Structures are given as C-alpha cells and as structure tokens.
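Engineer: Just add 10 to wherever you are in the sequence shown, counting from 1, and you've got the numbering used here.
Think of the CB as a built atom: it goes at the ideal place given N, C-alpha and C, for glycine as much as any other residue.
Note that the structure is predicted; figures quoted are calculated from it, not measured.
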Amino acid sequence: MNQKPELRCINGNGMSASPTGASTMLNDKAQQQNTGLPSVLMKARRSALEELHQLLADVFDKADDTFFEYAEKSGSEQDKDAYIETMRQLRLNRKEIERSFYQKLNVLFKKLPHSNDEGGVALEAVSSLEGLSLVADDDLEMNVALDGMVSKAKSKFAERIYQLNTRMEAVLVHAHIKVNERNNPFHPQQVCEAFSSASQIVQCDIKKRLVLYKLFDKFVISEYDVVLDTANAVLADAGVLPDLKGTPKLASIRRRSKEATTEDQKAEPRESAAKQAANEFFTQLQTLLASVRNVPTVTDMVTGPIGSAAENAREMSNAELFDMLSRLQQVQPQGEDVISGNVSLPKVNVRGVVSNLLRQRETKQGPERVGQTDSDVINLVSMLFDFILDDDNLPVPVKALLGRLQIPYLKLAIQDYSFFSRGGHPARKLLNELARAGIGLNEDADHLKKDMVFKKIQSTAQRILTEYEKEAVLFDELLHDFSQFMQTEVRRSQMIEQRTKAAEEGKAKAQLAEKTALETVRQRLDGKTVPEVVVRLLTDGWMGVLKLVFLKYGPESNNWLGAVKTIDHLLLSVAPTEDDAARKKLFNIVPILLKNLRQGLNSVSFNPFEMGEMLTELEQLQMQVLRGETPEHLDNRKDPAKDLVAAVTEDMERMGASPVIPDRNKVSRLDITRTPSAIPDSELAALPDDDPYLQQAKKVNVGAWMEFRGDNGAKTRSKLAAHIKSADKMIFVNRTGVKIDEKTTLGLAHALKKGEVLILEDSQLFDRALQNVIGNLRKVKEANL
Numbered sequence: 011m012n013q014k015p016e017l018r019c020i021n022g023n024g025m026s027a028s029p030t031g032a033s034t035m036l037n038d039k040a041q042q043q044n045t046g047l048p049s050v051l052m053k054a055r056r057s058a059l060e061e062l063h064q065l066l067a068d069v070f071d072k073a074d075d076t077f078f079e080y081a082e083k084s085g086s087e088q089d090k091d092a093y094i095e096t097m098r099q100l101r102l103n104r105k106e107i108e109r110s111f112y113q114k115l116n117v118l119f120k121k122l123p124h125s126n127d128e129g130g131v132a133l134e135a136v137s138s139l140e141g142l143s144l145v146a147d148d149d150l151e152m153n154v155a156l157d158g159m160v161s162k163a164k165s166k167f168a169e170r171i172y173q174l175n176t177r178m179e180a181v182l183v184h185a186h187i188k189v190n191e192r193n194n195p196f197h198p199q200q201v202c203e204a205f206s207s208a209s210q211i212v213q214c215d216i217k218k219r220l221v222l223y224k225l226f227d228k229f230v231i232s233e234y235d236v237v238l239d240t241a242n243a244v245l246a247d248a249g250v251l252p253d254l255k256g257t258p259k260l261a262s263i264r265r266r267s268k269e270a271t272t273e274d275q276k277a278e279p280r281e282s283a284a285k286q287a288a289n290e291f292f293t294q295l296q297t298l299l300a301s302v303r304n305v306p307t308v309t310d311m312v313t314g315p316i317g318s319a320a321e322n323a324r325e326m327s328n329a330e331l332f333d334m335l336s337r338l339q340q341v342q343p344q345g346e347d348v349i350s351g352n353v354s355l356p357k358v359n360v361r362g363v364v365s366n367l368l369r370q371r372e373t374k375q376g377p378e379r380v381g382q383t384d385s386d387v388i389n390l391v392s393m394l395f396d397f398i399l400d401d402d403n404l405p406v407p408v409k410a411l412l413g414r415l416q417i418p419y420l421k422l423a424i425q426d427y428s429f430f431s432r433g434g435h436p437a438r439k440l441l442n443e444l445a446r447a448g449i450g451l452n453e454d455a456d457h458l459k460k461d462m463v464f465k466k467i468q469s470t471a472q473r474i475l476t477e478y479e480k481e482a483v484l485f486d487e488l489l490h491d492f493s494q495f496m497q498t499e500v501r502r503s504q505m506i507e508q509r510t511k512a513a514e515e516g517k518a519k520a521q522l523a524e525k526t527a528l529e530t531v532r533q534r535l536d537g538k539t540v541p542e543v544v545v546r547l548l549t550d551g552w553m554g555v556l557k558l559v560f561l562k563y564g565p566e567s568n569n570w571l572g573a574v575k576t577i578d579h580l581l582l583s584v585a586p587t588e589d590d591a592a593r594k595k596l597f598n599i600v601p602i603l604l605k606n607l608r609q610g611l612n613s614v615s616f617n618p619f620e621m622g623e624m625l626t627e628l629e630q631l632q633m634q635v636l637r638g639e640t641p642e643h644l645d646n647r648k649d650p651a652k653d654l655v656a657a658v659t660e661d662m663e664r665m666g667a668s669p670v671i672p673d674r675n676k677v678s679r680l681d682i683t684r685t686p687s688a689i690p691d692s693e694l695a696a697l698p699d700d701d702p703y704l705q706q707a708k709k710v711n712v713g714a715w716m717e718f719r720g721d722n723g724a725k726t727r728s729k730l731a732a733h734i735k736s737a738d739k740m741i742f743v744n745r746t747g748v749k750i751d752e753k754t755t756l757g758l759a760h761a762l763k764k765g766e767v768l769i770l771e772d773s774q775l776f777d778r779a780l781q782n783v784i785g786n787l788r789k790v791k792e793a794n795l
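1) Label Q113 either buried or exposed according to how many other C-beta atoms from any shown protein chain fall within 10 Å of its C-beta, with 16 as the threshold for buried.
2) To which residues of the same chain is D115 closer than 8 angstroms at the C-beta, ignoring the five residues directly before and after it?
3) Keeping to the same chain, check which residues put their C-beta closer than 6 angstroms to that of Q416; ignore five residues upstream and five downstream.
4) Does the ligand ADP have even one heavy atom less than 7 angstroms from the beta-carbon of V710?
5) Within 10 angstroms of its Cβ, does T510 collect 16 or more other Cβ (buried), or is it exposed?
6) Can you give me the Cβ contacts of L603 inside the same chain, cut-off strictly under 8 angstroms, excluding the 5 residues immediately before and after it?
7) Do E524 and S493 have their CB atoms nearer than 8 angstroms?
8) To the nearest whole angstrom, what separates the beta carbons of L390 and V712, a pair I think is in contact under 8 angstroms?
9) How about P405 and R727: are their beta carbons less than 8 angstroms apart?
10) Between the Cα of F718 and the Cα atoms of K764, G434, I231, which residue gives the shortest distance?
11) Check whether the Cβ atoms of P436 and D486 lie closer than 8 angstroms to each other.
12) Starting from the C-beta of T309, find all residues in its chain whose C-beta is less than 6 angstroms away, skip the five residues before and the five after it, and write them out in chain order.
13) Classify D456 as buried or exposed, calling it buried when 16 or more other Cβ atoms lie within 10 Å of its own Cβ.
14) Take E106 and list the residues in its own chain whose beta-carbon comes closer than 7 angstroms to its own, dropping the five residues that flank it on each side.
15) Check Q632 in the structure and name its three-state DSSP category.
16) Indicate whether the contact test is met: 3 or more Cβ pairs, each with one atom in the segment 159 to 172 and one in the segment 216 to 236, closer than 8 angstroms.
17) Which residues in the same chain have their Cβ closer than 7 angstroms to the Cβ of F167, if we skip the five residues on either side of it in sequence?
18) Looking only at C-alpha atoms, which of I734, G448, A513, K709 sits nearest to D772?
19) Rounded to the nearest angstrom, how far is the Cβ of V635 from that of L571, given a contact under 8 angstroms?
20) Would N756 and M740 be called neighbours here (beta carbons separated by less than 8 angstroms)?
21) Residues in the same chain with beta-carbon distance under 7 angstroms from A323, minus the five sequence neighbours each way, listed in chain order, please.
22) Does the beta-carbon distance from V748 to M716 come in below 8 angstroms?
23) Over what stretch of residues does the beta strand (DSSP E) that includes F718 continue unbroken?
24) Would you check if there are 3 or more beta carbon pairs closer than 8 angstroms linking the segment 73 to 82 to the segment 94 to 102?
25) Label K39 either buried or exposed according to how many other C-beta atoms from any shown protein chain fall within 10 Å of its C-beta, with 16 as the threshold for buried.
26) For S57, collect the residues of the same chain with a Cβ closer than 6 angstroms to its Cβ; drop the 5 residues on either side in sequence, then sort them by chain order.
27) Are the Cβ atoms of L775 and L441 separated by less than 8 angstroms?
28) For the beta strand (DSSP E) that V743 lies in, which residues bound it at each end?
29) With distances taken Cα to Cα, identify the nearest neighbour of L102 among M496, E179, V181, R534.
30) Taking the CB atoms as reference points, tell me whether M152 and S209 lie closer together than 8 angstroms.
31) Would you mind listing the alpha helix (DSSP H) stretches within the segment 397 to 445 that are 4+ residues and don't spill past its ends, in chain order?
32) So what's L768 in DSSP terms, helix, strand or just coil?
33) For S327, tell me which candidate among G434, A732, R414, L368 has the shortest Cα-Cα distance.
34) Quick check on the DSSP output: the alpha helix (DSSP H) that includes A518 runs from which residue to which?
35) Could you check the C-alpha separation between K90 and G256 for me, to the nearest Å?
36) Have a look at T383, D699, E325 and flag the residue whose alpha-carbon is nearest the alpha-carbon of Q375.
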C-alpha cells in the first residue's frame with residue numbers, strides 16, 4: 011500500500027496537512043505546471059480577489075458623492091471645477107483602473123513561485139526620512155499616505171498576515187520560497203502599490219489624489235481583514251496548516267458576507283432618507299413660492315391656477331400631466347434653424363400651453379386644473395430656463411438649444427424632486443456639461459456648421475427631445491457619452507494650447523533677455539567715453555553673448571556674472587592710467603579677457619573675420635594703455651556714443667521703448683518701458699491701484715473665459731491660456747487652443763472699462779440658475795413683508 015505524501019510546514023514544526031489537501035495538490039500537478047501556482051493557491055486567489063473586488067467597488071461607488079462634497083466646500087471655482095473633473099475622470103476610467111489593478115496583482119502571482127529571499131517582486135514604499143528627502147514634494151505626500159495605509163494594515167492585521175505567509179510557504183515548500191511582504195500578492199503593501207500605480211491614469215493634483223487614497227484606505231484597507239481571512243480559510247479548508255491558532259472558518263466569513271448583504275438591503279431606508287431630504291428641500295421652495303404667489307411685482311408665472319378656476323374643476327393626476335407634456339415634447343423644433351444661423355430664443359409658456367390644452371378638452375373631460383404641487387414645479391422650471399435664456403455667459407445658439415429642453419426637464423422634475431436638491435443628479439450634471447462645453451463657441455453660423463463640439467451639443471439635446479420618455483437612465487447614458495467626447499476634445503485643444511503657451515513663453519523670455527542685455531551694456535557705458543571698436547564689439551557681438559547666457563543659465567548664474575564681468579574688464583583695458591600697479595594688474599587681465607571675448611563670440615557664431623579685425627584693433631589700444639600712453643581716439647575726442655544710439659535705437663523701438671539721445675561724449679540711460687502688448691502701454695493712461703477694473707484684471711485666473719467685442723459688433727470668445735508675469739503678458743486662445751490675442755494687465759483693465767471685453771462666468775449653469783431664482787424670490791418676499 012502506497013503511503014500518501016505528508017505536507018509539512020517549512021519551519022519544521024511537524025504540523026501536517028490533511029491527506030485530502032495533499033491529494034488535491036497532487037491531482038492538480040499538471041495545472042500547477044501550466045500556471046506556476048498550485049491549485050489550492052489559485053482557489054485562494056480567486057476567492058480572495060472576489061472579496062477584494064467588492065471592497066474596491068465601494069471606492070468607486072462612493073467617489074462621486076465624496077468629490078462632489080469636496081467641490082461644494084471648495085473656496086474657489088477653480089478648485090471646485092478640479093474636483094468635478096477628477097470625479098468625471100474616475101467615472102470614465104473606472105474599468106481601466108480596475109483592469110490595471112488586477113493585472114498588476116496577477117503579475118505578482120505569476121512571479122511568486124520563482125521569487126526568493128533576496129529579490130522582491132514589487133517596489134517598496136519609501137519608509138525612511140532619508141528616502142523621503144530624495145523625492146519631490148507631491149511624491150513625498152503620496153508615499154507618506156501609502157506608507158501610512160500599509161503600516162496601519164500591518165499593525166491591525168498582523169496575525170492574519172503571518173498566518174497567510176506561513177500557509178503560502180507551506181504550499182510552496184518544494185520551491186523553497188520565503189513568503190513575505192515583498193512577494194505575497196495578498197499583502198497590503200502590494201495591494202496599495204498596485205492601486206497607486208493603476209490610479210495614475212487619473213490626471214489630478216496631489217490634493218485630489220490624497221482624497222482618492224483616503225477612499226481606498228476607508229473602504230479597502232480598513233476592511234482588508236475579509237480578504238486575508240478568505241485566503242486563510244480556503245487554504246485551511248484545503249488542509250494547509252488548518253490548526254494554526256485563530257484560523258477563520260469559511261462559514262463565518264460567508265455569514266459576514268451575508269450580513270453585508272443585509273446592510274445593502276438597509277440602503278433602502280437610506281434611499282428613503284435621501285428622498286425625504288429632497289422632499290424637504292422642495293417643500294422649502296414651495297413655501298417660498300407661496301409667500302410671493304399673490305405679490306403683484308412677481309410675474310404671472312407664479313399667480314393663479316393652471317387650467318380651470320371653477321370650484322368643481324378636477325385636479326389632474328401627475329401621470330396625466332406627464333403624458334400631456336410628452337405630447338408637447340414631440341412638437342419641439344429640431345434645431346436646424348440654429349445650425350443655419352436663424353437663431354430664435356423662444357420662451358416656452360408652459361402654463362399657457364397647458365391651460366389651452368385643458369380648455370380644448372373641457373367639453374369632453376369637464377373643467378380641469380393642475381394641482382398646486384405640479385404648478386409649483388412648472389413655475390420653478392420655467393424660472394430656471396428663463397435665467398438660462400437670459401444668461402449672457404452663453405452664446406445665443408447654445409442658449410437656443412438648451413432652452414428647448416425645458417419640457418423634458420420639467421417632466422423629469424415632476425417625477426423626481428431631488429432634481430432640485432441633489433447636485434450630483436445626472437440630468438443637472440449633463441445640463442452643466444453642455445453649458446460648459448458651449449461657453450467657448452462663437453456665434454458665426456459658418457463656423458458652427460463645422461464645429462464638432464456644437465454638433466455634439468445639438469445631437470445630445472436632440473436625443474433628449476426624441477428619446478426621453480420616463481426612464482431617467484437616458485441622462486446617465488448621455489452624460490457618459492458627452493463626457494467622453496469632451497475629454498477627447500479637451501485633450502486635443504490642450505496639446506495645441508500648450509504649444510501656443512510654450513512659444514509665447516519662449517518669445518517673452520527672448521524679449522526679456524534682449525532687454526536685459528541692452529540695459530546691462532548701457533549701464534556699463536553710462537557716462538563713459540570709449541573707443542568706437544569697444545562700442546561695436548559690445549553692441550554687435552557681446553549683447554548676443556549676454557542674451558544667450560541669460561536664456562541658457564539665467565541672470566542669477568555664475569555664467570551671467572562672468573559675462574558681465576567681461577564687460578567691466580573690457581572697459582578697464584582701454585581706460586588710460588598712470589598707476590603702475592593698475593597697469594601691472596591690467597597686464598594680467600588682458601590675455602584672459604581676449605580669450606573670454608573670443609570664446610563668447612564664437613558661442614554665438616559671430617563673424618570670424620569681423621571678430622578678428624575688432625580684436626586686433628582692441629589689442630593695439632590695450633598695448634597703448636599698458637605703455638602708459640593715451641589712445642588716439644581720446645585725444646581727438648570722438649563721440650562713439652552716437653554709434654551706440656544708432657545701433658540700439660531700432661531695437662529699442664521694436665521693443666516698445668523710448669530712446670533718449672545722450673549728451674555729447676556720454677552714454678545716458680535710456681528709459682525702457684514694458685514689453686509691448688497689442689496696444690502699447692505708452693498709449694494707455696495709468697490707472698490707480700484701487701481702480702475696480704484694474705483690480706478685476708489682476709484677479710483674472712488662467713482658464714477664465716472672456717468675450718471680446720469689436721467695433722463692428724462682432725463677438726469673439728477666448729480663454730486666458732497663460733499669464734507670463736515676467737513680461738506682464740496675457741495670452742488668449744480660442745476653444746481649439748490657437749492664440750487670438752494678447753494683452754497686459756493695464757490693457758485688459760482699459761478694455762474692461764470700455765466694455766470691449768466681458769469676463770464670462772463658467773461655473774455650473776444649473777446651480778447659478780437655481781441660486782438666482784431663490785435669491786429673487788427671497789428679495790420679493792422681504793420687500794413685501
């Protein structure tokens with residue numbers, strides 16, 4: 011009789027596995043050879059990853075609410091938009107992140123049978139102050155966050171991790187594998203590293219990434235014991251060291267999973283609570299409407315019943331009103347008039363239309379009217395869309411398309427009051443996204459016919475009109491589709507915008523280098539009478555060297571200081587002196603000076619023939635000075651300063667400066683103004699620091715949209731792509747990222763003051779509309795108390 015092999019723990023404690031478990035591993039030997047993992051480990055992997063998948067799903071399920079909450083609490087519109095953008099990226103890239111996450115863990119499983127004590131299969135988190143000091147600040151914060159999660163899990167689940175390492179070593183005993191945090195795919199270290207790597211697809215700053223890590227910590231790492239317990243229980247049930255103290259039972263884990271299901275079932279009361287909160291908010295709106303319902307200053311939109319005023323009038327049901335609105339929706343215009351340029355902004359008088367329909371069927375149905383609650387919904391939605399149609403921040407064609415969505419959005423609102431209260435409602439988010447995409451469009455009909463973004467807005471609006479019946483899931487589908495489209499469009503425009511920005515920054519830096527080089531030379535020559543060859547050498551050649559050094563190394567570098575020092579030595583070498591000590595010092599300086607001049611001029615590819623002539627002439631003058639003689643040009647009192655002015659005046663005028671002719675035998679400072687804008691600042695009146703338009707111009711952030719209005723009434727929309735502070739130059743681009751204008755801060759302030767530029771508000775359209783409606787109702791209420 012053959013004796014079955016006995017599976018022992020690698021530490022030699024004599025603890026054996028059950029015959030059943032050993033037999034299972036022998037029977038699956040062929041499968042192990044193919045996959046690299048024993049079948050029992052494959053079973054444990056499958057079960058544990060199922061639990062991990064549930065935990066990871068919680069991260070994404072909670073991400074929308076979490077990021078939206080952060081957006082609501084953010085102090086600036088820019089931060090709010092960034093949180094919303096991160097939320098959108100997570101939603102769009104969820105599957106890709108999950109796929110990458112599990113792929114990284116599977117790589118670890120494949121490498122596990124071939125790992126050893128010396129080599130790990132994954133990167134370790136930075137865990138020392140010395141290591142942390144070598145990384146960038148953002149990487150430092152991320153590493154600290156990851157290290158904190160791992161440390162918490164190792165401390166909290168130390169016993170479970172030890173058991174799993176020990177059992178996996180027992181399974182891999184023949185491969186002599188030492189299982190630890192470096193090669194155990196189940197270890198929190200590897201799970202955190204895999205998630206960190208997979209989530210890099212989301213482009214966001216460190217603040218938003220840390221929020222994502224907090225979600226992972228809360229919903230995965232804090233609950234990670236269920237993953238470890240599942241893997242331990244599967245191995246123990248298969249006979250791998252089943253007697254270890256504290257070994258969990260699969261039954262208890264499944265019971266825990268069942269309890270979790272029960273918790274999910276308890277979500278219904280939570281949903282009811284959310285519905286209750288939505289109802290409470292709508293009740294507050296109704297109360298506000300009731301307080302102004304009979305106030306004469308309010309439009310007839312909130313006065314009188316919709317339908318018959320007879321006492322015996324039957325109140326329409328919600329379903330009947332919904333069907334009537336559906337028939338109205340079918341006769342909405344298709345939008346061809348917008349794309350052809352024949353734009354109209356019809357304000358749909360829902361109250362009047364519904365009243366007419368009820369009057370038409372009164373002979374058959376009897377007197378009818380809309381209930382007060384539904385009337386309030388109609389009033390609110392009408393006021394919201396009135397705001398949208400009156401909003402100057404949107405181009406007219408976009409407003410025309412959005413305005414035609416009033417009926418379907420009204421149908422949605424009478425079914426779901428959370429539309430008013432929940433910022434993350436997909437219908438609200440879709441409306442906001444359509445408006446945000448349209449803010450950069452111009453109103454030219456020929457342009458709109460070719461613009462893919464406008465066509466997408468038009469097709470999305472038309473799908474709502476033709477496809478929305480009762481299922482609100484359509485808004486989720488359209489939101490996802492539109493967000494993916496805009497993500498591609500934004501990425502394309504950002505690439506062009508970055509090239510535009512880089513080119514303008516390079517141009518501004520070159521202008522600053524030229525201006526700095528010119529000012530440096532003139533400062534050194536100020537008040538001095540110098541030989542003509544020195545003037546030509548500096549203006550024709552050495553200013554080019556200064557510009558090159560400025561661009562390559564910057565004005566604070568030793569290279570720049572050396573280039574400037576060369577000018578000082580050059581001027582010193584042609585200044586007559588009777589001091590023997592000074593001439594001796596000069597004797598040591600001249601050879602080095604000539605070498606530096608030659609090297610510098612060669613670096614800018616200066617004409618070698620002209621350089622040779624100038625340096626030869628310079629050497630002759632220097633020899634005269636070294637002999638104690640007065641150079642000939644000083645005896646004749648020639649005025650080389652005129653040559654300098656002639657050489658630089660053209661450049662100064664090109665740079666927007668105001669050259670001043672110096673006195674004879676003296677080079678004076680020239681008044682250099684700022685780098686020019688589209689309208690030179692020299693032609694604009696200075697504004698006091700407290701001027702409201704100047705303050706407004708200074709507060710404009712990169713990314714802000716503006717409308718430029720020409721004398722002929724033409725309107726062009728552009729975005730501030732960059733503000734180059736060193737040159738005080740604001741670069742404006744169109745929706746596709748192409749530069750269309752540039753201004754200084756002063757120039758923008760004057761344009762704002764003249765009404766030539768209007769700063770647009772690109773925050774959430776629906777939120778602004780709701781705030782406006784509530785604010786107006788409160789003002790009316792307070793005015794009539």
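Structural biologist: If we stick to the structure as given:
1) Numbered from its first residue, the sequence shown carries residue 113 at position 103. Label assigned to Q113: exposed.
2) For the purposes of this step, residue 115 is taken as the residue at position 105 of the sequence shown. According to the sequence displayed, residue 115 carries Leu and not Asp. L59, P195, Q200, V201, A204.
3) In the sequence shown, residue 416 corresponds to position 406, counting from 1. Correct list, in chain order: V358, F395.
4) The model depicted lacks the ligand ADP and carries no ligand whatsoever.
5) Here residue 510 corresponds to residue number 500 of the sequence shown, with the count starting at 1. T510 sits buried, since 16 or more C-beta atoms from the chains shown fall within 10 Å of its C-beta.
6) Translated into positions along the sequence shown, residue 603 becomes position 593. Excluding residues within five positions, the ones whose Cβ falls inside 8 angstroms are T576, H579, L580, S583.
7) Within the sequence shown, residue 524 is the residue found at index 514, counting from 1. Within the sequence shown, residue 493 is the residue found at index 483, counting from 1. Contact: no.
8) Residue mapping note: residue 390 aligns to position 380 of the sequence shown, counting from 1. Residue mapping note: residue 712 aligns to position 702 of the sequence shown, counting from 1. No, L390 and V712 are not in contact; Cβ-Cβ is about 36 angstroms, not under 8 angstroms.
9) Reading the sequence shown from its first residue, position 395 is the one you call residue 405. Reading the sequence shown from its first residue, position 717 is the one you call residue 727. For P405 and R727, yes; Cβs fall inside 8 angstroms.
10) Working through the sequence shown from its first residue, we reach residue 718 at position 708. That would be K764, whose Cα lies nearest to the Cα of F718.
11) Against the sequence shown, residue 436 aligns to sequence position 426. Against the sequence shown, residue 486 aligns to sequence position 476. If you check the CB distance, P436 and D486 come in under 8 angstroms.
12) Residue numbering aside, residue 309 sits at position 299 when the sequence shown is read from its first letter. Confidence at T309 is low in this model, with a pLDDT of 47, below 50, so its placement is unreliable and no value can be given for it.
13) The residue you call residue 456 lines up with position 446 of the sequence shown. Classification of D456: exposed, given that the 10 Å Cβ count is below 16.
14) Here residue 106 corresponds to residue number 96 of the sequence shown, with the count starting at 1. The residues are I211.
15) As a position in the sequence shown, residue 632 is number 622, starting the count at 1. The answer is helix: DSSP assigns Q632 an H, G or I state.
16) These segments touch.
17) Start at 1 with the first residue of the sequence shown, and residue 167 comes out as number 157. Shown here for F167: same chain residues with a beta carbon closer than 7 angstroms to its own, the five before and five after excluded, namely Y234, D235, L238 in chain order.
18) Indexing the sequence shown from 1 puts residue 772 at position 762. Among I734, G448, A513, K709, the Cα nearest to that of D772 is on G448.
19) If you number the sequence shown from 1, residue 635 lands on position 625. If you number the sequence shown from 1, residue 571 lands on position 561. Not really, about 25 angstroms apart at Cβ, beyond 8 angstroms.
20) Start at 1 with the first residue of the sequence shown, and residue 756 comes out as number 746. Start at 1 with the first residue of the sequence shown, and residue 740 comes out as number 730. Per the sequence shown, residue 756 should be read as Leu rather than Asn. For L756 and M740, no; Cβs fall outside 8 angstroms.
21) Here residue 323 refers to the residue found at position 313 when the sequence shown is read from its first residue. Result list for A323: G317, P377, E378, R379, in chain order.
22) In the sequence shown, the residue the question calls residue 748 occupies position 738. In the sequence shown, the residue the question calls residue 716 occupies position 706. Going by C-beta atoms, V748 is not nearer than 8 angstroms to M716.
23) Numbered from its first residue, the sequence shown carries residue 718 at position 708. Its beta strand (DSSP E) spans residues 715 to 719.
24) The segment 73 to 82 makes contact with the segment 94 to 102; the number of CB pairs closer than 8 angstroms reaches 3 or more.
25) Residue mapping note: residue 39 aligns to position 29 of the sequence shown, counting from 1. Residue confidence is low: K39 scores 43 on pLDDT, short of 50, so the model does not pin down where it sits. Its coordinate-derived value is still stated next. Flag for K39 reads exposed.
26) Looking up residue 57 in the sequence shown gives position 47. If we look at S57 and ignore the five residues flanking it on each side, its Cβ neighbours are T240, V244.
27) Within the sequence shown, the letter at position 765 stands for residue 775. Within the sequence shown, the letter at position 431 stands for residue 441. Their beta carbons are under 8 angstroms apart, which means L775 touches L441 by this criterion.
28) Counting from 1 along the sequence shown, the entry for residue 743 is found at position 733. V743: member of the beta strand (DSSP E) spanning 739 to 743, first to last residue.
29) Looking up residue 102 in the sequence shown gives position 92. It is M496.
30) Position 142 of the sequence shown, counted from the first residue, corresponds to residue 152. Position 199 of the sequence shown, counted from the first residue, corresponds to residue 209. Contact annotation: M152 and S209 have beta-carbon atoms that are not nearer than 8 angstroms.
31) Segments of the alpha helix (DSSP H) lying fully in the segment 397 to 445: 406 to 413, 416 to 425, 428 to 431.
32) For this step, residue 768 is matched to residue 758 along the sequence shown. Residue state for L768 is assigned as strand, using DSSP reduced to three classes.
33) Here residue 327 corresponds to residue number 317 of the sequence shown, with the count starting at 1. The shortest C-alpha separation from S327 is found at L368.
34) Working through the sequence shown from its first residue, we reach residue 518 at position 508. Following the DSSP letters along the chain, one finds A518 inside the alpha helix (DSSP H) bounded by residues 483 to 535.
35) Along the sequence shown, one-based indexing puts residue 90 at 80. Along the sequence shown, one-based indexing puts residue 256 at 246. Near 48 angstroms, if we compare the C-alpha coordinates of G256 and K90.
36) Translated into positions along the sequence shown, residue 375 becomes position 365. Taking the Cα of Q375 as reference, the smallest distance to any Cα among T383, D699, E325 is reached at E325.
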